[in-house]
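J.: Just passing along the structure, written as structure tokens.
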Amino acid sequence: MIAVTINGLNVRVEEGTTILEAARFIGFPIPTLCNDDGLSPYGACRLCVVEIGEAPRSKLVSSCTYPVEEGLVIRTASERVVRARRMVIELLLASCPQSKKIQDLASAHGVRQQRFKQEYDDCILCGLCVRMCREQMMANAIGFRGRGEGRSIGTPFDVSSDVCRLCGACMYICPACQLRCTYNQPEIAICNACANLSPPCITKDHYSDMMCYMEPCVACEIK
Amino acid sequence: MEQLRSTQEFTALREHLLSALNPDIATIVIPAGTCGQASGATRLVRTAQREILSRNLQGKVYLRVSGCHGFCEMEPSVLIEPAGTFYPKVDASGMRRIIDALLKGDVVEDLLYVDEATGQRIEKVGDIGFYRHQSRLLLSQNEKIDPLEVYDYLRAGGYCAFVQMLSNMEPSRVIEDVKTSGLRGRGGAGFPTGTKWEFLAKAANGEGKYIVCNADEGDPGAYMDRSLLEGNPHSIIEGMLIGAYATGANLGVMYVRSEYPLAIKHLGNSLKQSRRLGLLGENILGTEFSFDISLVKGAGAFVCGEETALMRSIEGEMGEPRQRPPFPVQKGIHGKPTLINNVETWANIPLIFRDGADNYAAIGEVNAGTKIFSLVGKIKNTGLVEVPMGTPIRKIIYDIGGGQAGDKGIKAVQTGGPSGGCIPADLFDLPISYENLAQAGSIMGSGGMIVMDESTCMIDVAKYFMNFLKDESCGKCFACRKGTQRMYELLDDISSGRGTMKHLKVLEELAIILKDIAMCGLGQTASNPVLSTLKYFRDEYIEHIQNRRCPAGVCKELISFTINERCTGCGACVKACPEEAISGEKKQRHRIDQDRCSRCGSCRSVCKFDAVEVN
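Taken in sequence, the protein lines are chains G and V. Under our numbering, think of the first position of the first sequence as 1, with each following residue one higher. Under our numbering, think of the first position of the second sequence as 224, with each following residue one higher.
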């Protein structure tokens, strides 16, 4: 067992647990977006940042990837953490405002506006679908491509992948696309998961080129 | 080349090499690194070779094709040893005249370097201002060595430190010495090298340990690592051998960016030679110690210079950083303990053991040793500069660099590449050290130094680096990917006259937070160009926003060109204008159609009468 201090509370936790697991176990909430219990931690969304160490040498780290260390002092909601988190949410809101999950996050953290140019991205590149496909479905059908602005998720060479079993897990776990598809024709697709009246993918020209890798879509049948 | 089986055989070979060469015979040294070749050194080499062959001068004059000596502004240059005569910007006919004079024991007066301040010609290389104020511990070796010849390196004392160590020095003593020397990582962060080695030495040795040379030098305007790789590859191999011996590593990797073809060629050749000599491989010089180095080419991503991304790239995966811990020394390449040092750090290691750790520690103030900077931008003497730590920036820019290149005064210097910041002219007395530069809002970085004068717009500079970073961010961490994109957007708005004070507030807020939350070093330092320009040049930002004016005359949307009464109507600008925006009768004052003008500045650069004004 390892002794750590979380928000002033001295606790002992199992070796090998991450700060996120430890904090949640004790009852301190930490928001996450790219983290899921069944998948390996990735540390990409930066929402779960916490402050570790003593000032002035304290720093922010992503709690989902940071293993607890003996004597570590952790603050999960210091002013610095909250400020950083709010900025991440603001950036998320500026990129993908149509996501129910991001809207909920913004509302929970009191972010009421974003000050950047509004974009409507389909994907925030959290990588949940990639890890889901690889780690839980053992298919490894999709992956990351490119870097910087050009980074995207997809199948190799954008052709339907032979190893894809059309399981729908990637869609199930996606926090940005709240469209639990009912069919792959835009005219009759109905979003039955989010409150958005106009799900983003329906308005696209090439419906079949969307982030859904299923033809036909089977997610609706799983329901 | 025969394999050496013991340290005695090594010593014997070295003695033989030294006796076979007469040091009094004149040697023509032609620096032909990438920079030299680009300015015509290859032709010079060919001319010299032809002259020597056709006039039967073999044995009377030696020719050595070396790596870069650092004075890039004067390439292609020729250095005569042992006299130390320096000829800048030599062409083929000059080369022939130099050889003629050399045979007579003369110098070619009119080809010598001219000192701009005094107007006098300077003969000896050591008397030239650019060289005189430097302490060239690493770069001076480049002159002595043909990078394709291992024997040159042996003659210059190469591998001696390692071989001596192999016979009579405990690995723990080696680490102690590196610690005593005070050497810190030259890649930018400045982590104490000895301490890093100690971590690796203590790491459990299951199925081997890796040591890596990080030669993924990607900063715009920085090329000191390239010169070392091209000019003296064996010194890096020797540094890694010493590192491996001290830490018990058995696997070595050189990660070189594929944009350095000459460096890769020289390194590959040197590795082959070292293996053939028995200095790399199994049972080196007949001892128990085994170590080999493989060469890995990068695929062109800037972020792969970050150590965790570099390791993934070596493993053959996508170059993406991950959060530490686990640190590379705990879990590195293929899960094995790994130590990563920069090219310049490795090149410094043999020096520590050649000159003694205490002597090395005595060089420089605040931090130990020398540091190579690549001095570029609006400066007279462009080139590689090696100075002791603690040298004031002013000395580098004015004494060595020769000051401003044009008629405009120097405004700032940008250090540390895209992750660094701008240091204004009134802080030029700052002695260079890791701490001082960090305090000033910049970083040491790998050693890029871009000089900017009054014609540089600081918003444009910040925008340039942000554009670079938004393309080179790996995109894994949301904060860095979107943060750099958004900062670029805001800077673009400000530079094109759409900015408001709100832009400035958001920009600053985002920049400060990004420093905090990004996953790796690239993201954490990505806001430095913005924060440092905001700190020292806030008035320029405000000028752009409130008066819609670019004081340096750079931001296209905020400037206009007009022709004043000095115009003679020569028509040069009419021909130069790509938009056909300039009209006017011959020998009459011309005018510019502002609607058509794309503000490219072509007219201004061709005008001989200074008649085109920027407003």
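No residue lacks a Cβ here, since even glycine has one placed at the ideal position from N, Cα and C.
Would you list, in sequence order, the uninterrupted alpha helix (DSSP H) runs of no fewer than 4 residues that lie entirely inside the segment 104 to 141 of chain G?
T.: As far as the segment 104 to 141 of chain G is concerned, its whole alpha helix (DSSP H) runs of at least 4 residues are 128 to 131.
J.: Considering only their Cβ atoms, is the gap separating T510(V) from L389(V) smaller than 8 angstroms?
T.: Contact flag set, yes.
J.: Using the beta-carbon count (16 or more within 10 Å), is A243(V) buried or exposed?
T.: By the 10 Å Cβ count, A243(V) comes out exposed.
J.: Just the chain V side, please: which residues come within less than 8 angstroms of S62(G) by C-beta, in chain order?
T.: By Cβ distance, chain V contributes Q546, M742.
J.: Let me confirm a value: M724(V) is counted as buried when at least 16 other C-beta atoms fall within 10 Å, else exposed. Which label applies?
T.: The residue in question, M724(V), is exposed, as its Cβ has fewer than 16 Cβ neighbours within 10 Å.
J.: Near P200(G), which residues of its chain fall below 7 angstroms by C-beta distance, leaving aside the five closest residues on each side in sequence?
T.: Low confidence applies here, because P200(G) scores a pLDDT of 46, under 50, leaving its location unreliable; read the following figure in that light. The residues are Q98, Y120, D122.
J.: Is the CB of I736(V) under 8 angstroms away from at least one CB in chain G?
T.: Yes, I736(V) lies at the interface with chain G (some Cβ there is under 8 angstroms from its Cβ).
J.: Which residue's Cα is closest to the Cα of R57(G): I124(G), L72(G), L105(G), M171(G)?
T.: For the residues I124(G), L72(G), L105(G), M171(G), the minimum Cα distance to R57(G) belongs to L72(G).
J.: Using DSSP's beta-bridge definition, name the partner residues of M672(V).
T.: In DSSP, M672(V) forms a bridge with L598(V), T638(V).
J.: Does Y172(G) get closer than 8 angstroms to chain C when you measure Cβ to Cβ?
T.: The displayed structure is made up of protein chains G and V, and chain C is not among them.
J.: Could you have a look at E51(G) and say whether DSSP puts it in helix, strand or coil?
T.: E51(G) falls in the strand class under three-state DSSP.
J.: Counting only Cβ pairs nearer than 7 angstroms, list the residues of chain V close to F144(G).
T.: Chain V residues near F144(G): M541.
J.: Output, in sequence order along the chain, the residues in the segment 98 to 130 of chain G whose CB is closer than 7 angstroms to any CB in chain V.
T.: Correct list: R115, F116, K117, I124, L125.
J.: Report the neighbours of A84(G) on chain V: residues whose CB is nearer than 7 angstroms to its CB, in chain order.
T.: Result: I736, D739, I740.
J.: Among all the DSSP beta bridges, which residues are the ones paired with V835(V)?
T.: Answer is I786(V), bridged to V835(V).
J.: Assess, as a yes-or-no matter, whether the segment 304 to 324 of chain V is touched by the segment 268 to 282 of chain V under the definition of 3 or more beta carbon pairs within less than 8 angstroms.
T.: Contact between the segment 268 to 282 of chain V and the segment 304 to 324 of chain V is present, because at least three Cβ pairs lie under 8 angstroms.
J.: Starting from the C-beta of E505(V), find all residues in its chain whose C-beta is less than 6 angstroms away, skip the five residues before and the five after it, and write them out in chain order.
T.: Around E505(V): S513.
J.: Give the DSSP-derived three-state secondary structure of P456(V) in the structure shown.
T.: Looking at P456(V) - three-state DSSP - the assignment turns out to be helix.
J.: Quick one: is E712(V) near chain G, going by C-beta distance under 8 angstroms?
T.: Taking Cβ atoms only, chain G reaches closer than 8 angstroms to E712(V), which makes this a yes.
J.: Closest by CA to S665(V), which one among G632(V), R721(V), T756(V)?
T.: Of the candidates G632(V), R721(V), T756(V), the one whose C-alpha sits nearest the C-alpha of S665(V) is T756(V).
J.: When you compare the CB of M87(G) with every CB in chain V, is at least one pair closer than 8 angstroms?
T.: Answer yes: the Cβ-Cβ gap between M87(G) and chain V drops below 8 angstroms somewhere.
J.: For E440(V), is the classification buried or exposed, using 16 other Cβ atoms within 10 angstroms of its Cβ as the cut-off for buried?
T.: Label assigned to E440(V): buried.
J.: Which word fits E461(V), buried or exposed, when buried means at least 16 other C-beta atoms lie within 10 angstroms of its C-beta?
T.: By the neighbour-count rule (16 or more Cβ atoms within 10 Å), E461(V) is buried.
J.: Locate the alpha helix (DSSP H) running through D581(V), then write down its first and last residues.
T.: 580 to 585 is the extent of the alpha helix (DSSP H) around D581(V).
J.: Taking only the alpha-carbon atoms, compute the straight-line gap between L105(G) and T65(G) and give it to the nearest angstrom.
T.: Distance between the alpha carbons of L105(G) and T65(G): 21 angstroms.
J.: Checking the sheet assignment: what are the DSSP bridge partners for L562(V)?
T.: Looking at the DSSP assignment, L562(V) forms a beta bridge with I434(V).
J.: If contact is defined by three or more beta carbon pairs under 8 angstroms, each pair taking one atom from either stretch, is the segment 25 to 42 of chain G in contact with the segment 683 to 693 of chain V?
T.: Verdict: no, contact absent.
J.: Between the segment 695 to 708 of chain V and the segment 735 to 754 of chain V, do at least 3 Cβ pairs fall closer than 8 angstroms?
T.: They touch, by the three-pair rule.
J.: Straight-line CA distance for A412(V) to R83(G)?
T.: About 27 angstroms.
J.: Going by beta-carbon coordinates alone, are S642(V) and G668(V) separated by less than 8 angstroms?
T.: Yes, the Cβ-Cβ distance between S642(V) and G668(V) is below 8 angstroms.
J.: So with CB distances below 7 angstroms, who are the chain V contacts of V13(G)?
T.: None at all; the shortest Cβ gap to chain V is about 16 angstroms.
J.: Roughly how many whole angstroms lie between the Cα atoms of E296(V) and E588(V)?
T.: Whole-angstrom Cα-Cα distance: 29 angstroms.
J.: So D652(V) and R617(V) are supposed to be a Cβ contact under 8 angstroms. How far apart are they, rounded?
T.: So it is a contact: roughly 6 angstroms between Cβ atoms.
J.: Taking Cβ positions only, does D442(V) come closer than 8 angstroms to chain G?
T.: Judged by the 8 angstroms Cβ criterion, D442(V) is not in contact with chain G.
J.: Which residues does DSSP pair with T308(V) in a beta bridge?
T.: Answer by DSSP bridge pairing, in chain order: I303(V), K347(V).
J.: Can you give the Cα-Cα distance for P647(V) and E766(V), rounded to whole angstroms?
T.: About 18 angstroms.
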